[in-house]
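Participant:
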Amino acid sequence: MNLHNEMPATRAPKKKPDLQRPLDELVELYATVPDKAFRYCPGCGLGMAQSAIMRAFHRVGVDITKVATAGGSGCYSVMGHYFQSSHIHGSHGRGCAYATGLKLARPELTVLTLQGDGDLLAIGGNHFIHAARRNIDITVICFNNYNFGDTGGQFAPTTPLGSKTDTSSLGMPEPAFDACKLAIGAGAGFVARSTVAHPAHLTKMIADAIEWKGFAFVEVLQHCHVLWGRRNGMPEAMDMMRFYTDNSVLNPSRIPEDEHFDIPVYSEDEKNVKFVLGVLHKERKPEFTEEYAKLRAKAMAKMPGKVQS
Numbered sequence: 007m008n009l010h011n012e013m014p015a016t017r018a019p020k021k022k023p024d025l026q027r028p029l030d031e032l033v034e035l036y037a038t039v040p041d042k043a044f045r046y047c048p049g050c051g052l053g054m055a056q057s058a059i060m061r062a063f064h065r066v067g068v069d070i071t072k073v074a075t076a077g078g079s080g081c082y083s084v085m086g087h088y089f090q091s092s093h094i095h096g097s098h099g100r101g102c103a104y105a106t107g108l109k110l111a112r113p114e115l116t117v118l119t120l121q122g123d124g125d126l127l128a129i130g131g132n133h134f135i136h137a138a139r140r141n142i143d144i145t146v147i148c149f150n151n152y153n154f155g156d157t158g159g160q161f162a163p164t165t166p167l168g169s170k171t172d173t174s175s176l177g178m179p180e181p182a183f184d185a186c187k188l189a190i191g192a193g194a195g196f197v198a199r200s201t202v203a204h205p206a207h208l209t210k211m212i213a214d215a216i217e218w219k220g221f222a223f224v225e226v227l228q229h230c231h232v233l234w235g236r237r238n239g240m241p242e243a244m245d246m247m248r249f250y251t252d253n254s255v256l257n258p259s260r261i262p263e264d265e266h267f268d269i270p271v272y273s274e275d276e277k278n279v280k281f282v283l284g285v286l287h288k289e290r291k292p293e294f295t296e297e298y299a300k301l302r303a304k305a306m307a308k309m310p311g312k313v314q315s
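So in the numbering used here the end of the sequence shown lands on 315, straight run, no missing numbers.
#1: For E225, count the other beta carbons within 10 Å of its own beta carbon; 16 or more makes it buried, fewer makes it exposed. Which is it?
#2: I need the DSSP call for R45, collapsed to helix, strand or coil.
#3: Which same chain residues end up closer than 8 Å to S169 when comparing Cβ atoms and leaving out the 5 residues on each side of it in sequence?
#4: Taking only three categories from DSSP, how would you classify F196?
#5: Under the assumption that T119 contacts A138 (Cβ atoms under 8 Å), give the Cβ distance between them as a whole number of angstroms.
#6: Using DSSP with H/G/I as helix, E/B as strand and the rest coil, what is N132?
#7: Please classify D123 as buried or exposed, where buried requires at least 16 neighbouring CB atoms within 10 angstroms.
#8: Quick one: residues in its chain with C-beta nearer than 8 Å to the C-beta of T295, no 5 flanking neighbours on either side, listed in chain order?
#9: In whole angstroms, give me the CA-to-CA distance for S91 and V73.
#10: Roughly how many angstroms lie between the CA atoms of L256 and V285, to the nearest whole one?
#11: Three or more C-beta pairs under 8 Å: does that hold for the region 302-310 against the region 154-163?
#12: Can you look up K187 in the DSSP assignment and give me helix, strand or coil?
#13: Residues in the same chain with beta-carbon distance under 7 Å from H133, minus the five sequence neighbours each way, listed in chain order, please.
#14: Would you call the region 213-222 and the region 193-200 touching, i.e. three or more CB-CB distances under 8 Å?
#15: Are the beta-carbon atoms of A267 and H207 separated by less than 7 Å?
#16: Ignoring anything shorter than 3 residues, give me the beta strand (DSSP E) runs that lie fully in the region 83-162, in order along the chain.
#17: What's the gap between the Cα of F44 and the Cα of H87?
#18: Does DSSP put K22 in a helix, in a strand, or in coil?
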């Protein structure tokens, strides 16, 4: 029931990160106050993910007025409305398509997509792999809760083999996508994984992704105890939080030496049976908006007369 990665072992980190800024200050800097109650279910991991994104904004030092987010349909889809940034709440699965257009039109913006596993990897899968292939400078954050939570808990491409959902009551007969390996195979330059049970680590992964020049992907393992957890022996939020903390190990080859996250480093026996967290892939390559600008300049140079840029 887990996603895996293989990396060589190195030494452990040293000290804890300074991420102690009060949440109410971050809310004032980066969030909007909804006129109604938050839409998330009580105990949902999306609230913790939203907090980590705000902390990542602060860590990177982004200008929230120059941030744009995009997404489609799902439990997560209201998150973009809770930030002070610009947001496109579009059709199902099209977050990467909207983000691509935003970045090409306004390359100076910091562009993120906020998407669920079903939204991104099912109906949005084609947009996802081609955005990764182009290596456009956007950050894709995938909230993976193993099911389509917003429509009642149907199975998704990430639903673990054998687990139960509303549409696989006897157990999921299909193997799940490893979203991180899919991103790497499609050409993403930066790929990382974390969980909402490890907020300091999650903040670091999102911050690193935002700072990366090129396509960056972060898989956030985020519990849906109301639907997936209840059907799989973990009916409370803390049940799933313990599930993540008990079954997560760090990818030791990418641990920053100056930070410590209280997560054990994996052994060879563990890397194929537990969630491997951390930066799983880094590869510098040409970025799409820069390559497109070069192509545009070539085309304009061939035009007769003066052409307005």
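Note that beta-carbon positions come from the ideal geometry of N, C-alpha and C, so glycine has one too.
Facilitator: On the basis of the data shown:
#1: buried
#2: coil
#3: M7, Y152, G177, M178, W234, R237, N238
#4: strand
#5: In fact, because the Cβ distance is near 12 Å, the residues do not count as touching under 8 Å.
#6: helix
#7: buried
#8: K109, L110, P113, I142, D143
#9: 5 Å
#10: 9 Å
#11: no
#12: helix
#13: G99, R100, C102, A103
#14: yes
#15: Looking at the sequence shown, residue 267 is not Ala but Phe. Cβ atoms of F267 and H207: closer than 7 Å.
#16: 92-95, 116-122, 145-150
#17: 11 Å
#18: Its pLDDT being 41, under 50, K22 is placed unreliably by the model, and the measurement read from it follows with that caveat. K22 falls in the coil class under three-state DSSP.
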